[in-house]
Amino acid sequence: MGDKLNIFKIGGNIIENEEELKQLLYLFSNLEGHKILVHGGGKKASELLPKLGIKPRMVNGRRITDSATLEVVTMVYGGLVNKNIVAKLQALGNNAIGMSGADANSIHAHKRPITKIDYGFAGDVEGIDAKMLCNLLNLGLTPVFCALTHDQKGQLLNTNADTIAATLAIGLSSSFQTNLNYCFELNGVLKDINDKSSVIKNIDSSSYTKLVDEGVISAGMLPKLHNCFEALKNGVREVRIGNLGLFENSTTNYTSLVL
Ligand SMILES: Nc1ncnc2c1ncn2[C@@H]1O[C@H](COP(=O)(O)OP(=O)(O)O)[C@@H](O)[C@H]1O
Ligand SMILES: CC(=O)N[C@@H](CCC(=O)OP(=O)(O)O)C(=O)O
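So in UniProt numbering, the last one in the sequence shown is 259, and the numbering has no gaps at all.
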């Protein structure tokens, strides 16, 4: 098996918190070896859309993306958020390169088929160009992915950032020993959503089902955990959810997922 690869996905709340983002990028830039950062920005988009007269619409944690919404998320995710993070990593001495799925045709996707719900220009991912990304990593570059993909016919697609992170991790797990980290504003998956210290240390497939049935896990955490288990089932070595504790060596500060 090849070198280690650390993939970190950062969520909207961290992106919005200047101090936390600064700390996170500092810790990320100090990680040894190959690394990839994936960012969302859903919160920023949801704040900006109404200011432009567009109503944000989410169903099951996924954004309904009409053409006006697509224009805004392209500007926010691919422009403002991505370029800010790349510039900050450059300032920390990391040779970061901003990416969407369209850049270098890195992620292959198609428009989500219309079933009961028409999600509009939302992308479902098929896979990645692992060889090209290995080459980028071996050049010493740090790819920074936003939540946009394309259909290879010229259409950009809004794509959940958690899914992009899992897809990259799966696609690169035969070339690298891949760790996937979901970094958000809490220290992990909580047993009691009102008690920030109630972090569940380990979740396996059967305790996951139980936690969902008990209603402990809800909202954005549902698709996140689904992506975690998909990654573990498909060759990713380690999957963890937490906050800045993910960068510490202690095992107490985050949730580890096991099959
Ligand atoms: N048991 C739980 N533990 C922690 N967070 C939970 C739990 N159940 C639901 N959540 C919600 O999931 C959210 C994280 O999902 P999401 O907003 O999609 O993350 P991200 O910011 O990474 O995109 C948390 O802000 C929290 O409100
Ligand atoms: C299709 C879809 O839902 N796309 C997401 C992409 C951004 C994202 O995933 O942002 P967070 O990780 O910060 O939530 C959205 O527009 O909200």
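C-beta atoms are modelled at their ideal positions from N, C-alpha and C, and glycine is treated no differently.
query, result
"Would you tell me roughly how many angstroms separate the C-alpha atoms of Ala-169 and Thr-178, rounded to the nearest one?", "6 Å"
"Whose C-beta lies closer than 6 Å to the C-beta of Cys-228 among residues of the same chain, with five residues either side of it excluded?", "Val-239, Leu-257"
"Compute the Euclidean distance between the alpha carbons of Gly-235 and Ser-173, then round it to the nearest angstrom.", "6 Å"
"Where does Ile-64 sit, in a helix, a strand or coil, going by DSSP?", "coil"
"Suppose the cutoff is 6 Å on Cβ atoms and the five residues either side in sequence are ignored; what does the same chain contact list for Phe-247 look like?", "Leu-27"
"Mind the definition here: the segment 125-145 touches the segment 199-215 only if three or more C-beta pairs lie below 8 Å; say whether that holds.", "no"
"By DSSP, does Phe-229 sit in helix, in strand, or in coil?", "helix"
"Name the residue from Tyr-77, Ala-219, Arg-237 whose alpha carbon lies nearest to the alpha carbon of Asn-158.", "Tyr-77"
"Comparing alpha-carbon positions, which option in Ile-64, Val-59, Val-86 lies nearest Met-99?", "Val-86"
"Can you say whether Thr-163 is buried or exposed, counting buried as having 16 or more other CB atoms within 10 angstroms of its CB?", "buried"
"Closest to Leu-24 by C-alpha separation, out of Ile-114, Cys-183, Ser-46, would be which residue?", "Cys-183"
"Could you tell me how far apart the beta carbons of Leu-186 and Ala-165 are, in whole angstroms, since I believe they sit closer than 8 Å?", "With a Cβ gap of about 17 Å, Leu-186 and Ala-165 do not count as contacting."
"Could you give the first and the last residue of the continuous beta strand (DSSP E) run that contains Leu-5?", "4-10"
"My output table needs one value for Asp-103: the three-state DSSP class, helix, strand or coil.", "helix"
"Would DSSP call Asp-129 helix, strand or coil?", "coil"
"Spatial neighbours of Leu-136 within its chain, please: CB distance less than 8 Å, with the 5 preceding and 5 following residues excluded, ordered by chain position.", "Ile-97, Ala-104, Pro-143"
"Just checking my contact of Ser-106 with Leu-80 at CB under 8 Å: how many whole Å lie between their CB atoms?", "Actually they do not touch by this definition, with Cβ atoms about 20 Å apart."
"Take Asp-151 as the anchor and find which of Ile-7, Phe-121, Lys-44 has the nearest alpha-carbon.", "Phe-121"
"Using the beta-carbon of each residue, find all residues closer than 5 Å to any heavy atom of ligand 2 and list them in chain order.", "Gly-11, Gly-12, Gly-40, Gly-42, Arg-62, Arg-63, Ala-122, Ala-147, Asn-158, Asn-160, Ala-161"
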